[in-house]
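Student: Attaching a single structure in structure tokens format; questions to follow.
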Amino acid sequence: MRILVRIVTAVFVSLALMSTAIAELCERANGDAYYDTVLDITWAADANILHTLGVHPSGQMRYGVAESVWIPLLNQQNYLGVSSWRIPKWFDQGAEHCNMSFSGSDCGWNMDSMSSENWYNYSVNLGLKSKWAQQSDVSANIQQLPWGVEFEDTAPFSNIQIVRRYHNNGFCNDRIDSVTGELTHSIGFHYEYGGQHCDGLGSTGFIWPVVDGDVTAGAGDMSTCGSSIIAIDVDAFDPLNEIDPEGDIEVTVALLATNVADGDARDFDPGQIDPATLEFGPLETPAVSQVAVVVDADGDADDDFIYSFNVVGSGIACEDTNVGLRAETFGGDAVRGSDSITTPDCVTSVCHP
Ligand SMILES: [Ca+2]
Ligand SMILES: [Ca+2]
Ligand SMILES: [Ca+2]
Ligand SMILES: [Ca+2]
């Protein structure tokens with residue numbers, strides 16, 4: 002357990018470095034889910050989906066059965082084609098265990114944004130604050146605005162149980178029954194006052210299911226939200242990128258290798274791209290062949306990957322001036338690129354009346 006705690010702490014330190022990052026929430030599954038680009042998880046859009054789907058009568062349950070019964074039942078339903086929904090994580094920071102504080106800790110109020118996925122979503126994605134700024138505000142009942150006010154707008158999420166507790170995935174490992182030796186508390190995130198602390202295992206709470214990664218990528222919506230931008234060159238041997246949508250059969254697209262050492266904005270090896278995920282043009286046509294022509298297409302002494310695409314299948318039309326490509330790496334990271342095009346051979350073109 003100690004080794005595990007240390008590993009979790011180490012992961013946490015690297016996460017903490019990104020604590021000011023603001024996620025993009027990318028709509029997925031026609032708005033039924035949102036991919037969070039900072040946490041790299043996908044949130045169910047409905048924050049009480051267990052109830053909405055009829056999996057649980059109210060959605061409010063004890064932590065023990067949430068893990069052992071209700072999440073497995075949700076996964077049996079394969080909601081949105083996913084069977085790996087889980088409870089959002091809590092991250093142990095600073096001193097070991099849940100450390101109560103009014104500022105910057107992993108429990109209490111006004112926590113570090115990376116102290117839990119629930120708190121990140123509440124404080125960064127939804128822009129909400131803890132109810133109290135400091136200890137003396139509690140007895141004086143001085144509320145920290147916009148606590149409460151902005152519950153009126155929780156878009157793009159719905160059905161948040163705003164006066165309730167939500168479960169984090171984590172026990173309070175320092176709360177142990179002296180007789181049985183069993184853990185007695187889990188770590189709850191309380192929407193009703195934007196706080197996080199240890200609650201007895203008899204406490205009930207809701208579950209806001211999440212899943213690791215971008216679950217519905219590849220759903221065919223050509224979404225670019227959250228993607229990294231790569232450099233592409235339509236027809237590597239034609240600087241004008243002329244395409245005749247009415248006559249050309251295929252068009253080649255070079256995925257260019259880039260290197261920070263060469264003055265490029267980022268390092269990118271096109272060999273990382275899974276060719277099965279390539280989508281080109283408005284109609285997102287796949288590559289004609291998944292075997293790339295590997296050649297230094299732009300003459301800068303590194304290897305680029307050229308793929309061919311069917312022009313009609315791509316949906317490129319006369320007068321289009323730009324075309325996009327989308328793909329994923331073998332590691333599952335989304336990338337996109339675009340290049341300008343011209344269509345001078347179109348019979349409708351002003352160049353060819
Ligand atoms: Ca801690
Ligand atoms: Ca070109
Ligand atoms: Ca290059
Ligand atoms: Ca090159």
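Following the working numbering, the residues of the sequence shown are numbered contiguously, the last one being 354. Cβ coordinates follow ideal geometry from the N, Cα and C atoms, glycine included.
#1: Does residue 141 come out as helix, strand or coil in the three-state DSSP assignment?
#2: For residue 342, is the classification buried or exposed, using 16 other Cβ atoms within 10 angstroms of its Cβ as the cut-off for buried?
#3: Tell me the residue span of the alpha helix (DSSP H) that contains residue 78.
#4: Given this structure, state the Cα-to-Cα distance separating residue 36 from residue 255, to the nearest angstrom.
#5: Can you list, in chain order, every residue whose CB sits closer than 7 Å to a heavy atom of ligand 4?
#6: Within its chain, find whatever has a CB closer than 6 Å to the CB of residue 336; leave out the 5 residues flanking it on each side and keep chain order.
#7: Could you name the residues of the same chain whose beta carbon sits closer than 8 Å to that of residue 165, not counting the 5 residues immediately before and after it, in chain order?
#8: Which residues does DSSP pair with residue 207 in a beta bridge?
#9: Just to confirm the assignment, what range does the alpha helix (DSSP H) spanning residue 315 have?
#10: When you compare each of 54, 80, 48, 90 to residue 68 by their alpha carbons, which one comes out closest?
#11: Let me check one thing: in DSSP terms, what residues is residue 190 bridge-paired to?
#12: Could you please give me the residues that DSSP links to residue 117 through a beta bridge?
#13: Let me know if residue 142 comes out buried or exposed under the rule of 16 or more other beta-carbons within 10 Å of its beta-carbon.
#14: Under the rule that 16 or more other beta-carbon atoms within 10 Å means buried, what is residue 124, buried or exposed?
#15: Compare the beta carbon distance of residue 312 and residue 236 with 8 Å and say whether it is the shorter of the two.
#16: Would you mind working out which of 111, 138, 96 sits nearest residue 103, comparing C-alpha positions?
#17: Pull up the DSSP beta-bridge partners for residue 323, would you.
#18: Is it the case that the Cβ atoms of residue 167 and residue 119 are separated by a distance below 8 Å?
#19: Quick check on this structure: which residue in 22, 70, 85, 74 has the alpha carbon closest to the alpha carbon of residue 44?
#20: Residues in its own chain within less than 8 Å of residue 201 by CB, not counting five upstream and five downstream?
#21: Could you check how far apart the C-beta atoms of residue 108 and residue 101 are, in whole angstroms? I think they sit under 8 Å.
#22: For residue 267, count neighbouring C-beta atoms within 10 Å of its own C-beta (all shown protein chains included) and say buried if the count is 16 or more, exposed if not.
#23: Pull up the CB-CB distance for residue 288 and residue 308, whole angstroms please, since I reckon it's below 8 Å.
#24: Comparing alpha-carbon positions, which option in 177, 320, 88, 234 lies nearest residue 213?
#25: If you measure from the CB of residue 270, is any heavy atom of ligand 3 nearer than 7 Å?
#26: Give me every residue whose Cβ sits closer than 6 Å to any heavy atom of ligand 2, in chain order.
#27: Bridge partners of residue 109, per DSSP?
#28: Can you name the residues that DSSP bridges to residue 184?
Tutor: Based on what the coordinates show:
#1: helix
#2: buried
#3: 72-78
#4: 29 Å
#5: 257, 258, 297, 298, 299, 300, 301, 302, 303, 304, 305
#6: 228, 229, 231, 328
#7: 61, 191, 192, 193, 206, 207
#8: 167
#9: 312-315
#10: 90
#11: 167, 197
#12: 91
#13: exposed
#14: buried
#15: no
#16: 111
#17: 341
#18: yes
#19: 85
#20: 185, 186
#21: 5 Å
#22: exposed
#23: 4 Å
#24: 88
#25: no
#26: 234, 235, 236, 237, 239, 240, 242
#27: 102, 197
#28: 177
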